[in-house]
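Q: Note that the numbering used here has the sequence shown beginning at 2, numbered continuously upward.
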Amino acid sequence: METRSNVLVTGGSRGIGLALAQRYARTGARVMVTGRHAATLRRAARDNPGMETVVSDIADPASRTELAEHVVQVMPDLDIVVNNAGIQRRVALAADTAPWTERAREVEILLGGPVHLNDLLIPVLLAHGRPATIVNVTSGGAFVPQPFAPLYSAAKAALHSYTVNLRFALRDTAVRVTELIPPAVATTLSGLNDPHGASVDDFADAVFPKLATDLEIGFGPTGTDEFRTARRQERDTFTAFAARFPTAVYAAPPAH
Numbered sequence: 002m003e004t005r006s007n008v009l010v011t012g013g014s015r016g017i018g019l020a021l022a023q024r025y026a027r028t029g030a031r032v033m034v035t036g037r038h039a040a041t042l043r044r045a046a047r048d049n050p051g052m053e054t055v056v057s058d059i060a061d062p063a064s065r066t067e068l069a070e071h072v073v074q075v076m077p078d079l080d081i082v083v084n085n086a087g088i089q090r091r092v093a094l095a096a097d098t099a100p101w102t103e104r105a106r107e108v109e110i111l112l113g114g115p116v117h118l119n120d121l122l123i124p125v126l127l128a129h130g131r132p133a134t135i136v137n138v139t140s141g142g143a144f145v146p147q148p149f150a151p152l153y154s155a156a157k158a159a160l161h162s163y164t165v166n167l168r169f170a171l172r173d174t175a176v177r178v179t180e181l182i183p184p185a186v187a188t189t190l191s192g193l194n195d196p197h198g199a200s201v202d203d204f205a206d207a208v209f210p211k212l213a214t215d216l217e218i219g220f221g222p223t224g225t226d227e228f229r230t231a232r233r234q235e236r237d238t239f240t241a242f243a244a245r246f247p248t249a250v251y252a253a254p255p256a257h
């Protein structure tokens with residue numbers, strides 16, 4: 002008998018996160034989304050009956066820990082984690098006069114958040130022993146840095162590197178690691194009133210069916226044959242390099 006999926010989507014109250022959450026829900030999955038703003042989450046829950054919501058600040062380590070504890074209590078059969086929460090400060094390096102706390106928050110949301118949350122939830126995914134998936138949402142800016150969003154690009158590049166290593170570390174388990182690589186998509190990520198890029202629904206419709214099978218998923222400029230070939234070459238190079246330096250990896254739980 003097919004088991005119902007249990008899905009957690011961070012930053013799932015709008016944009017790409019909400020679009021993916023809606024599509025998971027349509028498959029019959031139980032879906033929980035997080036966000037910072039209660040009003041936005043209430044709207045998502047109202048418009049999507051059955052969708053569960055949790056107020057959580059992915060930039061705050063204590064909030065991440067509370068989220069993981071909540072998931073363990075109410076969704077112990079969690080099998081899909083989508084690390085989507087994001088922010089994009091559009092300011093060039095030479096023009097960035099924001100306090101360091103503001104800049105650090107951007108990096109924490111984009112990199113510290115998913116790394117820490119995965120660390121907290123991987124034991125949950127391993128414990129039940131069933132196939133599970135971690136989806137880390139990076140960006141085309143991870144591969145071609147964006148001068149108008151330099152910290153965003155750097156953090157996403159680091160998240161890409163981490164994702165490659167996480168996939169390697171989980172290779173002997175039932176947990177698959179997928180990297181979703183959006184190009185510019187018309188969301189409010191940057192806080193601008195004139196979002197540009199691909200339609201959110203067009204993007205989500207194209208990538209969602211691949212989340213169950215592909216290791217790296219792009220769209221438009223991040224989904225070309227050339228881009229996919231470059232990613233395969235990178236994976237092959239990493240695999241050869243990793244073979245020279247044996248490291249500890251996660252172990253599959255013993256069979257019951």
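Backbone N, C-alpha and C fix where the C-beta goes; we use that ideal spot for every residue, glycine too.
In chain order, what residues of the same chain have a beta carbon less than 6 Å from the beta carbon of residue 168, not counting five sequence neighbours either side?
A: 178, listed in sequence order.
Q: Out of curiosity, what's the CA-to-CA distance linking residue 92 and residue 18?
A: Taking the straight line from one Cα to the other gives about 24 Å.
Q: Output yes or no for whether 9 Å exceeds the beta carbon distance between residue 52 and residue 45.
A: Yes; because the gap between Cβ atoms is below 9 Å, this pair is in contact.
Q: Just how far apart, CA to CA, sit residue 204 and residue 253?
A: Taking the straight line joining both Cα atoms gives about 34 Å.
Q: Using the three-state DSSP reduction, which class does residue 2 fall into: helix, strand or coil?
A: For residue 2, the pLDDT reaches just 36, beneath the cut-off of 50, and the residue's location in the model is therefore unreliable, although a value from the coordinates is still provided. Note: residue 2 maps to coil in three-state DSSP.
Q: Does residue 84 come out as helix, strand or coil in the three-state DSSP assignment?
A: Residue 84 falls in the strand class under three-state DSSP.
Q: Would you call the CB atoms of residue 81 and residue 163 closer than 9 Å?
A: No, they are not a contact pair.
Q: Compare the C-alpha of residue 183 against each of 156, 198, 171 and 174 and name the closest.
A: Cα-wise, what sits closest to residue 183 is 198.
Q: Report back the beta-carbon spacing between residue 22 and residue 5 to the nearest angstrom; my notes put them in contact at under 8 Å.
A: Not confirmed; about 15 Å, so no contact.
Q: Can you tell which of 74, 172 and 139 has the C-alpha that lies nearest to the C-alpha of residue 108?
A: The candidate whose alpha carbon is nearest that of residue 108 is 139.
Q: Applying the criterion that 16 or more other CB atoms from any shown protein chain within 10 Å of the CB defines a buried residue, is residue 145 buried or exposed?
A: Counting Cβ neighbours within 10 Å, residue 145 comes out exposed, since fewer than 16 surround it.
Q: If distances are taken between C-alpha atoms only, which option among 114, 217, 206 and 160 comes closest to residue 180?
A: The residue with the shortest Cα to Cα distance from residue 180 is 217.
Q: Check each candidate in 228, 219, 211 and 172 and name the one with the smallest Cα separation from residue 249.
A: Per the Cα distances, 172.
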